[in-house]
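Colleague: Residues in the sequence shown are numbered consecutively from 1003, following this note's numbering. Even glycine gets a Cβ: it sits at the ideal position worked out from N, Cα and C. I have a structure I would like to understand better, so I am pasting it below and will then ask my questions one at a time.
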Amino acid sequence: MGATYDGAGTNFALYAENADRVELCLFDEDNNETRWRLSEITAFTHHGYIPGVGPGHRYGFRVHGPWAPDNGQVFNPAKLLLDPYAKAIEGKVQWGEAVFAHQLIHPDRPSEIDSAPHVPRSIVVDPTFDWGEDTAPGIPLYKSVIYETHVKGISMRHPEVPQELRGTYAGMASEPVIRHLVDLGISAVELLPVHHFVSEHSLIERGLTNYWGYASIGYLAPHAAYSASGDRGQQVVEFKEMVKALHAAGIEVILDVVYNHTCEGNLLGPTLSLRGIDNETYYRIDPHNKRRYIDYTGTGNSLNVRHPAVLRLIMDSLRYWVNEMHVDGFRFDLASALARELHEVDRLSSFFDLIQQDPVVSRVKLIAEPWDVGEGGYQVGNFPPLWSEWNAKYRDGVRDYWRGTDWSLANFASRFTGSSDLYGFSGRRPHASINFVTAHDGFTLADLVSYNHKHNTANGEANRDGESHNRSWNSGEEGPTNDPEIEALRKKRQRSMLMTLFLSQGVPMLLGGDEIGRTQQGNNNAYCQDNELAWYDWEEADELLLGFTKRLIGIRNAHPVFRRRRWFEGRRVRGAGVRDIAWYNTDGTPMSDNDWHLGYARSLSVFLNGEAIPTPGPRGETVTDDSFFLLFNAHTEPVTFTIPEDLEDYYWQVVLDTAHEMTCADLVAPADAWQVEGWSVVLLQQVSEEVF
């Protein structure tokens, strides 16, 4: 499928089941168009070989067929169409009537305006690349620390990145950015969409663009605007060089992919590719009104993953990014939409079947955003065993606890220990839970503790967009303040949530920039803010928070007790008096069933036994680590924790205390009690008596 260069010419192939005929359109350097009918048709694939056409050549398709909107058919050969299998795309959409297949005044009638001067071109690419000794880091998921970031945003304002490389794949691969990631201790970057995308007309009219990129139109093409070297195939090389550089630093690359919809919107949207190639094949059409799409995504359309050609496109795309671009995994946007066979979300859908048996895709990291906007779309905990999931219940449970919400203890403890209530019953392990407190969609961490309400007026939607947020953080006035007490409280809450995130069982995901205190000034939906509001402000980085986060990730990476591969069992370890995990009240007594459901209780402690941590293996192998004791206090005032009787003989080192910005290293002899400040966590590490 697509354009395949063999050294002497290029073969072109396009699936268009209901089309009458397909024309290949080649463009020279002066934009003169030459049309070739693809006269060979095999299994609804129109194809042909053109000698002399090679890398850098620009092309598109014109597809002929019925104009019958009542039957879901909107063929219009006046519209130049992108190849769904294009590996590179050049140019932008110039918005106007020409890019619509229908007449704007009479939507029932086809537009006769030629769209070629106004739409992007597909590019023939040279697949060769010197990967040298590139090797995938192959980091087990349970050891992973994921860093969600935007390719452009991370380097656009970095003072050490050369100006010409900022905001590009090359900027992402630059030495200052990679040094930051390595020093931070993360193991993988999860990149917001890099499939080629198009900004919506409504945004362009408001002087904005689609910054996040959840509007794909090319599932095999890296987004051209992120290339510093050109868009005639150079973007492919530059992307590969970025992956190679990150791999050399031991960092994996995970792509956020959007296979649930495209940027073509509803039936009144532009015709740029799939709609004009074969609307009935590629989109979910309402069987009761074929003018309309079934929309599980909130964008106007849903891809028809029930059709074999669409499933093939998705699978070919996934394999291409693994085999040819060397990426290490995928995060699937609105993944529930891909699992809908008829209407309900189906764990045994064709999509999951194909993933499960695929020898390439089944071996990389697969992360689901386990919801869509359709009925029954919220599916946290319900994806198959091969998958991990963005755990929104973790996000909500941790936020509620650190907000001081009543009745939150039991939920908080479940999230901290890996959410076995969601994943333990289906043969999945703790690493099925991708834990996060903040993500691109929502407040940054600094804003989360500083704003009780969203401030999205810059998006031009009268502040109606984005998640509503009015649950108080009791942090005083909203936004920036010169009050040192309020600022200290906010920073303490940031540290406490980071401590919770990185010491929880499961896989932590850090929103890029949270480690340096990045703010979006209260905008919790910065999808259209391709400007300094969303770009990382490196010159104003919170260096103390950065140092704290580095220390925290270092502790996680060094100690397997925080990243167990099996669930806690509550059993005693090697005949010792303490179980593998033990929860305690502030008075040192074990938590009872009743204690978990006291509405006013907001403090508790947990002992993590490192003496024997089971690992998967035929002989029940174990590893040994230090033991740790964590004291959580989500009250406003200090709380004194009585040391439990079965831990009274332990010696402790205070490793971290979120009440303080600097790392602690106090040694504590056996003690009866320990005081924890309000909104704080203290991490104690067991040490031997000999250190005193």
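Rounded to the nearest angstrom, how far is the Cβ of G1058 from that of L1083, given a contact under 8 Å?
Modeller: So it is not a contact: roughly 20 Å between Cβ atoms.
Colleague: May I have the straight-line CA-CA distance separating P1068 from S1113, to the nearest angstrom?
Modeller: Going from the Cα of P1068 to the Cα of S1113 covers about 13 Å.
Colleague: Anyone know if the C-beta pair for T1301 and A1103 falls short of 8 Å?
Modeller: Against a cut-off of 8 Å, the Cβ pair of A1103 and T1301 comes out as no contact.
Colleague: Can you pull the DSSP bridge partners for D1258?
Modeller: Beta-bridge pairing links D1258 to R1333.
Colleague: Candidates D1280, E1391, Y1228 and N1268: which alpha carbon is nearest W1214's?
Modeller: Considering only alpha carbons, the answer is Y1228.
Colleague: Where does G1062 sit, in a helix, a strand or coil, going by DSSP?
Modeller: Note: G1062 maps to strand in three-state DSSP.
Colleague: Pull up the distance between the alpha-carbon of G1462 and that of L1210, whole angstroms please.
Modeller: Near 9 Å, if we compare the C-alpha coordinates of L1210 and G1462.
Colleague: Does F1550 pass the burial test, meaning 16 or more other C-beta atoms within 10 Å, or should it be called exposed?
Modeller: F1550 is buried by the Cβ-count criterion.
Colleague: Helix, strand or coil for H1249 per DSSP?
Modeller: Note: H1249 maps to helix in three-state DSSP.
Colleague: Would you mind working out which of R1566, T1588, D1674 and L1606 sits nearest T1626, comparing C-alpha positions?
Modeller: Taking only the C-alpha atoms, the option nearest T1626 is R1566.
Colleague: By Cβ distance below 8 Å, which residues in the same chain neighbour G1011 in space, the five residues on each side in sequence not counted?
Modeller: Only Y1051, I1052, P1053, G1054, V1055 and G1056 meet the Cβ criterion.
Colleague: Could you give the distance in angstroms between the alpha-carbon of D1330 and the alpha-carbon of G1134?
Modeller: Answer to the nearest angstrom: the Cα atoms are 17 Å apart.
Colleague: Return the chain-ordered list of same chain residues with a C-beta closer than 6 Å to the C-beta of R1111, the five sequence neighbours on each side being excluded.
Modeller: Here the set comprises Q1105.
Colleague: Measure the C-alpha to C-alpha separation of M1664 and E1545 and round it to an integer number of angstroms.
Modeller: Computed Cα separation, rounded: 11 Å.
Colleague: In whole angstroms, what separates the C-alpha of A1217 from that of A1603?
Modeller: Between A1217 and A1603, the C-alpha separation is close to 45 Å.
Colleague: Counting beta carbon pairs with one atom in the stretch 1498-1507 and one in the stretch 1167-1177, are three or more of them shorter than 8 Å?
Modeller: Short answer: they don't touch.
Colleague: Mark Q1522 as exposed unless 16 or more other C-beta atoms lie within 10 angstroms of its C-beta, in which case mark it buried.
Modeller: So Q1522 ends up on the buried side.
Colleague: Which two residues bound the contiguous beta strand (DSSP E) that contains Q1655?
Modeller: Run containing Q1655: Y1653 to D1659, per the beta strand (DSSP E) assignment.
Colleague: Determine the extent of the alpha helix (DSSP H) in which K1494 is found, giving its start and end residues.
Modeller: From DSSP, the alpha helix (DSSP H) with K1494 extends over P1486 to L1505.
Colleague: Starting from F1353, trace the alpha helix (DSSP H) both ways and give me its first and last residue.
Modeller: Unbroken alpha helix (DSSP H) run through F1353: S1352 to Q1359.
Colleague: Check I1522 in the structure and name its three-state DSSP category.
Modeller: The sequence as given places Gln at residue 1522; Ile does not occur at that position. If DSSP states are grouped into helix, strand and coil, Q1522 belongs with coil.
Colleague: Check each candidate in P1109, A1394 and S1470 and name the one with the smallest Cα separation from S1435.
Modeller: Among P1109, A1394 and S1470, the Cα nearest to that of S1435 belongs to A1394.
Colleague: Have a look at D1648, W1654, L1633 and A1018 and flag the residue whose alpha-carbon is nearest the alpha-carbon of L1315.
Modeller: L1315 has its Cα closest to that of A1018, out of D1648, W1654, L1633 and A1018.
Colleague: Determine the direct distance from the alpha carbon of I1583 to that of Y1144, and round the result to whole angstroms.
Modeller: Approximately 19 Å, taken between the alpha carbons.
Colleague: Could you tell me whether the Cβ atoms of T1151 and G1519 are closer together than 8 Å?
Modeller: Their beta carbons are not under 8 Å apart, which means T1151 does not touch G1519 by this criterion.
Colleague: Rounded to whole angstroms, what's the CA-CA distance from H1108 to P1289? Just pull it up for me.
Modeller: For H1108 and P1289, the distance between alpha carbons rounds to 23 Å.
Colleague: With 16 as the cutoff for other CB atoms within 10 Å, does Q1165 come out buried or exposed?
Modeller: Under this definition Q1165 is an exposed residue.
Colleague: Inspect the beta-carbon positions of F1014 and L1040 and report whether they are closer than 8 Å.
Modeller: In this structure, L1040 lies closer than 8 Å to F1014 by Cβ.
Colleague: Roughly how many whole angstroms lie between the Cα atoms of G1252 and H1433?
Modeller: Going by the C-alpha atoms only, they are around 20 Å apart.
Colleague: DSSP state of T1591, grouped into three classes?
Modeller: The answer is coil: DSSP assigns T1591 none of H, G, I, E or B.
Colleague: Rounding to the nearest angstrom, what Cα-Cα distance links L1344 and R1286 in this structure?
Modeller: Note that L1344 has pLDDT 48, beneath the 50 cutoff, so the model's placement of it is unreliable and the number below is only indicative. Cα to Cα, L1344 sits roughly 10 Å from R1286.
Colleague: If contact is defined by three or more beta carbon pairs under 8 Å, each pair taking one atom from either stretch, is the stretch 1552-1569 in contact with the stretch 1425-1432?
Modeller: Output reads yes: the stretch 1552-1569 touches the stretch 1425-1432.
Colleague: Under the DSSP definition of a beta bridge, which residues are partnered with V1509?
Modeller: Beta-bridge pairing links V1509 to I1436.
Colleague: State the start and end residues of the unbroken alpha helix (DSSP H) segment that holds F1634.
Modeller: Premise fails: F1634 lies in the beta strand (DSSP E), F1630 to N1635, not in any alpha helix (DSSP H).
Colleague: Could you tell me the boundaries of the alpha helix (DSSP H) in which E1035 lies?
Modeller: Where E1035 is concerned, there is no enclosing alpha helix (DSSP H), although the beta strand (DSSP E) it sits in stretches over E1035 to R1039.
Colleague: I need the boundaries of the beta strand (DSSP E) containing H1182, first residue and last residue.
Modeller: Careful: H1182 lies outside any beta strand (DSSP E), inside the alpha helix (DSSP H) at E1177 to L1186.
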